[in-house]
Amino acid sequence: MVIPIMLGVVIIVFSLSFLAPGDPVSTALGEGYTQEQYDAQAAYMGLDKSYIEQLVSYLVNLVTKFDLGKSYFSIIPIETELAARFPVSAMLGLFGIALTVLIGIPLGIFSAIKQYSVLDYGLTAIAMIMAAIPGFVLSILCVVLFGVQLRWLPLVGLDTPKHWILPVATSAFPGIAGMMRMTRTTMLEVIRQDYISTARSKGLKENVIIVKHALKNCLIPLVTIIGGSVAMVLSGSIIVENIFSIRGIGTYMYSGISSSDYPVVMAGVLVISFVVCIVNLLVDILYAFIDPRIKTIYGTRMTKRKKPAVLPGAASEVV
Amino acid sequence: MHGHLVKERKELDLRALENMAVKKTLWQDVLARFLKNKSGIAGFVIVVIMILLILFAPLLTRFDYDAQSFPDRFLYPSSLHPFGTDNFGRDLFTRMLYGGRISFMIAIIATFISAVIGTIFGSAAGYFGGVVDTIISRFLDIMMAIPGLLLAIAISAVLGPGPINTAFALSIGGIAMSARIIRATVMAIKTNEYIEAAKATGSRNFRIIRKHILPNTIAPLIVNSTMSIGGSIMGIAGLSFIGLGVKPPTPEWGSILNVGRDYIRDFWPMTVFPALFIMLTIFGFNLLGDALRDALDPRLKD
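Going down the list, the sequences are from chains Z and V. Heads up: the first sequence begins at 4 in our numbering, then just goes up one per residue. Heads up: the second sequence begins at 318 in our numbering, then just goes up one per residue.
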């Protein structure tokens, strides 16, 4: 399922850049060029061919050489630039998601086990407010407060661990509310189940019940939402990286946007979408590990069709 | 004796209640449930106040949102300029109100487009099933694989800035979501007996969808659209913030915030007020959407 989706994404993204206005050839050449120069440049950029030919060559180059096209203005290949910048964005994203999980899930659990308490109402209200704050608004307000007014934290770059605090916090923040609400809802559903009462009547300690029995049964929705937050953090990176001047994929795309360098923008969209697709696949695979029933359903269906044994990864088609 | 009377009284009350329940229409029921929800009313009030502010903008301010006045640059809030003035000496309060017009207009248009297109695709996929469903669902899968903000960025990078382009860019990302919701609802409704009855009496597919199925999708559509307007306002502000979306001098909350960023060290009103307006509006729409969901679909409530 992942391959056709990725193919579809490539086609959509390529078509978008194909439809982009302006003439990239004259943009690349600048002022004063002859017709021969123009034709040569068009041929070099592959723009003298038809839509289908261009799409096919784009796809072939992408698959065989990881070639993401040529920037209008820079000779550095887009893929080199992206590869150099990817680790920073990935680290930022991972830390952001980790922080989201570390804050969101415990708060959601507290909220659920103390349902209708002051704590629950307070946390729910805070989550509602947090959900209303866009990442970039928060980043700006944090910059004003911690960077400009209090001067506690540096504002630009990622040189020291202190530099990471604000970017990570602001990329984590928008996801925390969603994570908290999701944890609360699923937890509330789970703790009403009979097996929780059974565990209680066995005399197990409350923490053991919550962690071993309840949380385990909440994992599927939680894994889903953690997977979803990857998409959110990565697309938010354009804004967060820009605000804190971090040399990641986000700033690269931002520079592409401001100079109308469409191949750069599209390559960024493509790479992030691929990461999201792969994460979705991983999430599907994880489902089978978390809940063996998913694997079994798929297994029996496959044996009816008389096909060889199923890999756990194949479960992605069930969900 | 007394106990007997009380019991009889209770029974009467119950019967009266039952009668009332029968007489109430679905929408009265929804309204009653909605009115019980305090946070929903708060959300409704916030949204209504915002809408009134932007509708009556010309009455609420004596300034022109474009009138520059060089000596009056960077004034802090005063009785004359409640929010102060910006880097061109324009009244910030006025610009916030007119900026809200742009944001709301784009958000409503974007939500409307994605609701309409989403309903068409979603109901076709849900009603016909089979190959139609497979093709539409796979296409939606592809759309869902590109994160919404990124898709909007890619589309508006191609189309260029401007209110209509922004509305279009944002609506494309919303189609997949609303189509999915409509599809699921239609698939659930399709199994009802009255659909079978309509088919048996010879109604054509289009008539069944229009008369019997679509009215049932209104509730989820309303909830999704309310949430989506809030989300779109966030999206517009985000796009304007990175230089897509709406470009200055057209006032828009995100672009005012973006310009304010340059003066962040010395002048706070240009960042704080747009930030507050954006947050408050989204907050209002989220509360309203949550309450509508609880009121329209009581099964969802815990």
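Ideal Cβ placement from N, Cα and C applies to all residues, glycine included. Since this is a predicted model, take the numbers as computed values, not measurements.
If we require 4 or more residues per run, which alpha helix (DSSP H) segments fall completely within the segment 349 to 391 of chain V?
Complete alpha helix (DSSP H) runs here, min 4: 355 to 372 and 374 to 377.
Let me know the secondary structure DSSP gives Z/ASP264 once reduced to three states.
What you label residue 264 of chain Z is simply residue 261 of the first sequence in a count that begins at 1. Shown here, Z/ASP264 sits in coil according to DSSP, grouped into three states, outside any helix or strand.
Could you have a look at Z/THR188 and say whether DSSP puts it in helix, strand or coil?
Looking up residue 188 of chain Z in the first sequence gives position 185. It is helical.
Please decide whether V/PHE558 counts as near chain Z, where near means a Cβ-Cβ distance under 8 Å.
As a first step, residue 558 of chain V must be located in the second sequence, where it is residue number 241. Answer yes: the Cβ-Cβ gap between V/PHE558 and chain Z drops below 8 Å somewhere.
Quick check on the burial criterion: 16 or more other C-beta atoms within 10 angstroms. Buried or exposed for Z/TRP155?
What you label residue 155 of chain Z is simply residue 152 of the first sequence in a count that begins at 1. Answer is exposed; the Cβ neighbour count stays below 16.
Report yes if the CB atom of Z/ILE275 is closer than 8 Å to the CB atom of V/LEU468, and no otherwise.
Within the first sequence, numbered from 1, the residue matching residue 275 of chain Z stands at position 272. Within the second sequence, numbered from 1, the residue matching residue 468 of chain V stands at position 151. No.
Minimum Cβ-Cβ distance from V/LEU467 to chain Z less than 8 Å
The residue you call residue 467 of chain V lines up with position 150 of the second sequence. Closer than 8 Å to some Cβ of chain Z, the Cβ of V/LEU467 qualifies, so yes.
Taking Cβ positions only, does Z/PHE149 come closer than 8 Å to chain V?
By 1-based counting over the first sequence, the position of residue 149 of chain Z is 146. With 8 Å as the cut-off, Z/PHE149 does not count as an interface residue toward chain V.
Please list the residues of the segment 249 to 272 of chain Z that have a C-beta atom closer than 9 Å to any C-beta atom in chain V, keeping them in chain order.
Listed by position, the residues of the segment 249 to 272 of chain Z near chain V (Cβ gap below 9 Å) are MET256, TYR257, GLY259, ILE260, SER261, SER263, TYR265, VAL268, MET269, GLY271 and VAL272.
N-terminal and C-terminal residue of the alpha helix (DSSP H) that V/ASN509 is part of:
Locating residue 509 of chain V in the second sequence gives position 192, counting from the first residue. Here V/ASN509 belongs to no alpha helix (DSSP H), and DSSP marks it neither H nor E.
Does DSSP classify V/THR402 as helix, strand or coil?
Here the question's residue 402 of chain V lines up with position 85 in the second sequence. If DSSP states are grouped into helix, strand and coil, V/THR402 belongs with the strands.
Cβ-based burial, V/PHE600 [other Cβ within 10 Å; buried from 16]:
By one-based count along the second sequence, residue 600 of chain V stands at place 283. By the 10 Å Cβ count, V/PHE600 comes out buried.
Cβ-based neighbour list, Z/SER20, same chain, cut-off 7 Å, excluding 5 preceding and 5 following
Taking the first sequence and counting its residues from 1, one reaches residue 20 of chain Z at position 17. The residues are TYR265, PRO266 and MET269.
Alpha helix (DSSP H) containing Z/GLN57: first to last residue?
Here residue 57 of chain Z is taken as the residue at index 54 of the first sequence, counted from 1. Segment 54 to 68, the alpha helix (DSSP H) holding Z/GLN57.
Please confirm whether V/LEU392 and V/THR378 have their CB atoms less than 8 Å apart.
Within the second sequence, the letter at position 75 stands for residue 392 of chain V. Within the second sequence, the letter at position 61 stands for residue 378 of chain V. Cβ distance not < 8 Å, so V/LEU392 and V/THR378 don't count as in contact.
If you draw a straight line from the C-alpha of Z/ILE108 to the C-alpha of V/ASP583, how long is it?
As a working mapping, residue 108 of chain Z is identified with position 105 in the first sequence. As a working mapping, residue 583 of chain V is identified with position 266 in the second sequence. Roughly 38 Å separates the two Cα atoms.
Counting only runs of 3+ residues fully inside the segment 547 to 604 of chain V, write out the beta strand (DSSP E) ranges in chain order.
Correct list: empty.
Going by DSSP, what residue range makes up the alpha helix (DSSP H) through Z/MET9?
Locating residue 9 of chain Z in the first sequence gives position 6, where the first residue counts as 1. Counting along the chain, the alpha helix (DSSP H) containing Z/MET9 begins and ends at 5 to 22.
Mapping DSSP to helix, strand and coil, what is Z/ASP162?
Within the first sequence, the letter at position 159 stands for residue 162 of chain Z. Judged by DSSP in its simplified three-state form, Z/ASP162 adopts coil rather than helix or strand.
Using a Cβ cut-off of 7 Å, pull out every chain V residue sitting near Z/PHE139, in sequence order please.
Your numbering for residue 139 of chain Z matches position 136 in the first sequence. Under the 7 Å cutoff, chain V gives GLY555 and PHE558.
Helix, strand or coil: which one does DSSP assign to V/ILE472?
Start at 1 with the first residue of the second sequence, and residue 472 of chain V comes out as number 155. If DSSP states are grouped into helix, strand and coil, V/ILE472 belongs with the helices.
At 4 residues or longer, what runs of the alpha helix (DSSP H) sit wholly inside the segment 424 to 450 of chain V?
Segments of the alpha helix (DSSP H) lying fully in the segment 424 to 450 of chain V: there are none.
For V/ASP611, three-class secondary structure by DSSP:
Stepping through the second sequence from its first residue, residue 611 of chain V is reached at position 294. It is helical.
Note the first and the last residue of the continuous alpha helix (DSSP H) segment covering Z/ASN83.
Within the first sequence, residue 83 of chain Z is the residue found at index 80, counting from 1. Before going on, a small fix: residue 83 of chain Z reads as Thr here, not Asn. For Z/THR83, the uninterrupted alpha helix (DSSP H) run begins and ends at 81 to 116, by DSSP.
DSSP three-state call for Z/ASP294: helix, strand or coil?
To locate residue 294 of chain Z, count along the first sequence from 1; it is residue 291. Reduced to three states, the DSSP call for Z/ASP294 is coil.
List, in chain order, every chain Z residue whose beta-carbon is nearer than 8 Å to that of V/MET551.
By one-based count along the second sequence, residue 551 of chain V stands at place 234. Under the 8 Å cutoff, chain Z gives PRO137.
Mind checking whether V/GLY357 and V/ASP607 have CB atoms under 8 Å apart?
On the second sequence, residue 357 of chain V is found 40 positions in, with the first residue counted as 1. On the second sequence, residue 607 of chain V is found 290 positions in, with the first residue counted as 1. Pairing V/GLY357 with V/ASP607 gives a Cβ-Cβ distance under 8 Å.
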